[in-house]
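Quick note, the sequences are listed as chains R and G, same order.
For the first sequence, counting from 1, position 165 maps to 165 in my numbering; every step adds exactly one.
Convert by adding 356 to the 1-based position in the second sequence; the result is the number in my numbering.
Glycine is no exception: its CB is placed at the ideal position from the N, C-alpha and C atoms.
Nothing here was measured: the structure is a model prediction, and the numbers come from that model.
2 protein chains.
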Amino acid sequence: MGERSVNLKALAAHLGLTVSTVSRALNDYADISPATRKRVKLAADQLGYRPNQNARRLSIGTPETICYLMPRQIGPNAQPFVAQLLAGLGEALNERNWDLLVSQADASVGDLASIERLVKSGRIAGLVISRPLKNDPRVRLMQNLGCPFVVHGRTEKCDGYAWYDVDGEDAFVTAVNHLARLGHRRIGFIGAPLQYQFAQERLDGYNRGLTHNGLSQDPELVQIAEFTDEGGTAAAGILMDLPRPPTAIVCVTDMMALGALEALHARKIRPGTDVSVIGYDGLYFGKHAHPPLTTLAQPQAHAGRRLGDILLSIIDGADPTKFQELQRAHLVQRSTDGPVTSNTGQTIVSEREDSL
Amino acid sequence: MGERSVNLKALAAHLGLTVSTVSRALNDYADISPATRKRVKLAADQLGYRPNQNARRLSIGTPETICYLMPRQIGPNAQPFVAQLLAGLGEALNERNWDLLVSQADASVGDLASIERLVKSGRIAGLVISRPLKNDPRVRLMQNLGCPFVVHGRTEKCDGYAWYDVDGEDAFVTAVNHLARLGHRRIGFIGAPLQYQFAQERLDGYNRGLTHNGLSQDPELVQIAEFTDEGGTAAAGILMDLPRPPTAIVCVTDMMALGALEALHARKIRPGTDVSVIGYDGLYFGKHAHPPLTTLAQPQAHAGRRLGDILLSIIDGADPTKFQELQRAHLVQRSTDGPVTSNTGQTIVSEREDSL
DNA sequence: AGGCTATCCGAAACCGGTTTCGGCACGCAA
DNA sequence: TTGCGTGCCGAAACCGGTTTCGGATAGCCT
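Dropping the structure here:
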């Protein structure tokens, strides 16, 4: 309230100079004498002058803002990663004093329209897309609009734009290898709807891991469900009620794996002893699961920072196809994986490491 | 790329009208004939015209944007609520086509400066402060700047501005009452640093609950630690290693409660049987803890939406002090609470409900 | 026919900055 | 003394919209 915040005109009047002179002084133009520059900056500090960013950005022709497209969430299961991701993005943007906008939009028609409005209205210089579908209309839209963007994840056909992803296929090969080494030969897979590219990749990795270890692909061992804990519970229930149930299960997310554990408990099956379970994400809470969940952890501490840097580079004119970065997940062994055991329930204790 | 997006001048030229006429037509001014209005809007649609928001907002004098001040996180423990909160805020803003900015800032000197820059630069019309300290300089700063704001949580002296909070004191009275009814007379408290107002409130509730049930306040039963799971583990360890350990523990957050469970397990103490543990937050993952964590759940599905609506009202000129809303937490009984038992470990099974 | 009002649109100022251009005053060399 | 280049600042256009104001045209009435 009180007086309006001091603007350039007021500052110029205070100094007895014109706005153009003051503006150039503040922006370190060489044609302003050092003495005047100093005097102007001092007065600006004292009066607490801050340039109006709307006006400035209109003038310089860039919004100096990027947008993070937050996926819509399903149910109360929080998205524990967005805070960390936003923090990383913010860090990258802060160095230039750019702003971070957040908008919620998935691949629905209405959301596509709002994305188009957002871009065309000149509010943002680029955006980050999360959790893409196999064939995501948001990606095509961005390409048609000619608006810089980077995808956190990949689509099925992922050449031609920038993305940053964790290699889910490789991760599931690793998981199956690990279980095969423990003696498992019937390994179940709990997946998410295959419209999501990450779900397809992880299923591919599972299958590749099976053949690599000389195991046959049994269709009844593959269960697709919604990626919530309830989905995991339902899928694991189906798997364990099979005539020949698996001795190990890999799950497409930790949340589903937690749900799977419930199904095992309900059947008095001991996870890690009777049946192994491996999740994916590296969810921190997995530590406190019962028993602590073995998982494939994504290195996502720097995802936000990296996505921000990539997007800024593209906005600066870099070739988007130069930025296609694949990170590797690593196995965090906690307590839900173990060797195959006989029906007596006897188990062989092996060394455990709990990094992170 | 390609052609620049069509602006008002181009649209006017295309129609053979002036920009002022087109602008008024689009904004439904009465002095533009209905026929012209229709013609203009049709052409705008066909050409895909979207007004430049930076220009528009500069002209109309409001940034049409609010900012969520995201608290800096500590360690890898994600903040599971921010996604939900942002979704709610976005929902409130969408109805007006306002934007949501996210900035990370706590109460440090450097962050205060960046908040001041943000406000003075005219980028935002208001902001949301989260997780305030007892005496939070951000609140004072906003008051001095005369910038509309709403606090998610409260400071110690919380009259004079708008806030939305859950009654932590009441919640902890409820928790202590519940435990007292189960027969517990030595109840421990695991708290967070008292510079956070929520930590103080919950401690106050704990103490009030004790006296209300005729229990004495034993200082050694109050342990303050960092609000992480490790902090909870350490604090619970101290409590359980006491000569006269408590038979029940209330924890200031679910994360700390999960840590406390680890300390119990390490000592072969069965949570819910030998020692009761009650957390606070209603964290979804508590369902999968070992055993499932009893907790006081905050009704936070609508927090974001409500905070957004409140802030918009204040920006519209409403009196901030009219918006001081206190929600109640409710007990979600899972499996870590139970009656006091003798040393034999015998337990009385009681009914459980697991709402949510 | 003349005057008056209502209708509709164009002209121009403005929001608050940035940036190009031109000109004044000065110093220096011829 | 004149001329010229240089240093320094002011004037003005511009970014892309909104909004006030004034004027032209048409219609209506007497």
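G/V679, DSSP secondary structure in three states
For the purposes of this step, residue 679 of chain G is taken as the residue at position 323 of the second sequence. Val is not the amino acid found at residue 679 of chain G; the sequence shown has Phe there. Note: G/F679 maps to coil in three-state DSSP.
In chain G, what lies closer than 8 Å to R/R96 by C-beta?
Here residue 96 of chain R refers to the residue found at position 96 when the first sequence is read from its first residue. Chain G residues near R/R96: none, gap ~13 Å exceeds 8 Å.
What does R/R123 reach in chain G if we use C-beta pairs closer than 8 Å?
Stepping through the first sequence from its first residue, residue 123 of chain R is reached at position 123. In chain order: Q409, N410, D455.
Looking at the structure shown, is G/D597 part of a helix, part of a strand, or coil, going by DSSP?
The residue labelled residue 597 of chain G in the question sits at position 241 within the second sequence. G/D597 falls in the coil class under three-state DSSP.
Contacts that G/V419 makes with chain R (C-beta to C-beta distance below 8 Å)
Position 63 of the second sequence, counting from 1, holds the residue named residue 419 of chain G. The displayed chain sequence assigns Pro, not Val, to residue 419 of chain G. Residues of chain R passing the Cβ test: N54.
How long is the line joining the alpha carbons of G/L620 and G/D630, rounded to whole angstroms?
The residue given as residue 620 of chain G occupies position 264 in the second sequence. The residue given as residue 630 of chain G occupies position 274 in the second sequence. Spanning the two alpha carbons is a distance of roughly 9 Å.
Any beta carbon of chain G sitting closer than 8 Å to that of R/M70?
Counting from 1 along the first sequence, the entry for residue 70 of chain R is found at position 70. R/M70 belongs to the set of residues whose beta carbon lies under 8 Å from a beta carbon in chain G.
At which residue ranges does the stretch 419–450 of chain G contain complete alpha helix (DSSP H) runs of 4 or more residues, listed in the order of the chain?
Counting only runs of 4 or more residues that sit fully inside the stretch 419–450 of chain G, the alpha helix (DSSP H) segments are 438–450, in chain order.
Out of curiosity, what's the CA-to-CA distance linking R/Q197 and R/K134?
The residue you call residue 197 of chain R lines up with position 197 of the first sequence. The residue you call residue 134 of chain R lines up with position 134 of the first sequence. Taking the straight line from one Cα to the other gives about 4 Å.
Any chance you could list the beta strand (DSSP E) runs of at least 3 consecutive residues sitting entirely within the stretch 283–311 of chain R, in chain order?
List check, beta strand (DSSP E) in window: 294–297.
Check whether the Cβ atoms of R/G153 and R/V252 sit closer than 8 Å, and answer yes or no.
Against the first sequence, residue 153 of chain R aligns to sequence position 153. Against the first sequence, residue 252 of chain R aligns to sequence position 252. Not closer than 8 Å, so no.
Taking R/G61 as the reference, which of G/V529, G/Q499, G/Q409, G/R661 has the closest Cα?
Here the question's residue 61 of chain R lines up with position 61 in the first sequence. Measuring from the Cα of R/G61, the nearest candidate turns out to be G/Q409.
Three-state secondary structure assigned by DSSP to G/S486:
By one-based count along the second sequence, residue 486 of chain G stands at place 130. In the structure shown, G/S486 sits in a strand (DSSP, three-state: E or B).
Quick one: what's got a C-beta closer than 7 Å to R/P245's C-beta in the same chain, skipping five residues either side?
Position 245 of the first sequence, counted from the start, is the residue given in the question as residue 245 of chain R. L239.
If we ignore side chains and look at the alpha-carbon of each, how far apart do R/D241 and R/A235 end up?
As a first step, residue 241 of chain R must be located in the first sequence, where it is residue number 241. As a first step, residue 235 of chain R must be located in the first sequence, where it is residue number 235. Taking the straight line joining both Cα atoms gives about 10 Å.
Same chain only: Cβ atoms within 7 Å of G/G593, ignoring 5 sequence neighbours per side
Position 237 of the second sequence holds residue 593 of chain G. Excluding positions up to five away in sequence, the list reads A619.
R/R24 versus G/A481 - alpha carbon distance:
To locate residue 24 of chain R, count along the first sequence from 1; it is residue 24. To locate residue 481 of chain G, count along the second sequence from 1; it is residue 125. The alpha-carbon separation between R/R24 and G/A481 amounts to approximately 28 Å.
I'd like the span of the beta strand (DSSP E) that includes G/G544, first residue to last.
Locating residue 544 of chain G in the second sequence gives position 188, where the first residue counts as 1. Its beta strand (DSSP E) spans residues 543–547.
Is G/A613 closer than 8 Å to G/G588 when the C-beta atoms are compared?
Mapped onto the second sequence, residue 588 of chain G falls at position 232. Mapped onto the second sequence, residue 613 of chain G falls at position 257. Yes, these two residues count as a Cβ contact at 8 Å.
Other residues of its chain near G/D526: CB distance less than 7 Å, five sequence neighbours each side excluded
Sequence index remark: in the second sequence, residue 526 of chain G carries index 170 (1-based). Same-chain partners within the cutoff: G561, R684.
Just how far apart, CA to CA, sit R/A12 and R/L42?
On the first sequence, residue 12 of chain R is found 12 positions in, with the first residue counted as 1. On the first sequence, residue 42 of chain R is found 42 positions in, with the first residue counted as 1. R/A12 and R/L42: Cα-Cα distance of roughly 13 Å.
Have a look at G/R413 and G/P407 and give me their C-alpha separation to the nearest angstrom.
As a working note, residue 413 of chain G is residue 57 in the second sequence. As a working note, residue 407 of chain G is residue 51 in the second sequence. Cα-Cα distance, rounded: 10 Å.
CB G/S688 to CB R/A83, shorter than 8 Å?
To locate residue 688 of chain G, count along the second sequence from 1; it is residue 332. To locate residue 83 of chain R, count along the first sequence from 1; it is residue 83. This sequence places Val at residue 688 of chain G; Ser is not what is there. No, Cβ-Cβ distance for G/V688 and R/A83 is not below 8 Å.
To the nearest angstrom, how far is the alpha carbon of R/P137 from that of R/A107?
Indexing the first sequence from 1 puts residue 137 of chain R at position 137. Indexing the first sequence from 1 puts residue 107 of chain R at position 107. Distance between R/P137 and R/A107, taken at the CA atoms: about 6 Å.
is_contact[G/L367, chain R] using C-beta, thresh 8 Å:
If you number the second sequence from 1, residue 367 of chain G lands on position 11. Not flagged as an interface residue toward chain R: G/L367, since no C-beta distance is shorter than 8 Å.
Determine the direct distance from the alpha carbon of G/Q680 to that of R/G48, and round the result to whole angstroms.
Walking along the first sequence from the start, residue 48 of chain R turns up at place 48. Walking along the second sequence from the start, residue 680 of chain G turns up at place 324. Approximately 32 Å, taken between the alpha carbons.
What span of residues does the alpha helix (DSSP H) with G/D610 cover, start to end?
Along the second sequence, read from residue 1 onward, the residue named residue 610 of chain G stands at position 254. Per DSSP, G/D610 belongs to the alpha helix (DSSP H) from 610–622.
I'd like the span of the beta strand (DSSP E) that includes G/A518, first residue to last.
What you label residue 518 of chain G is simply residue 162 of the second sequence in a count that begins at 1. G/A518: member of the beta strand (DSSP E) spanning 518–522, first to last residue.
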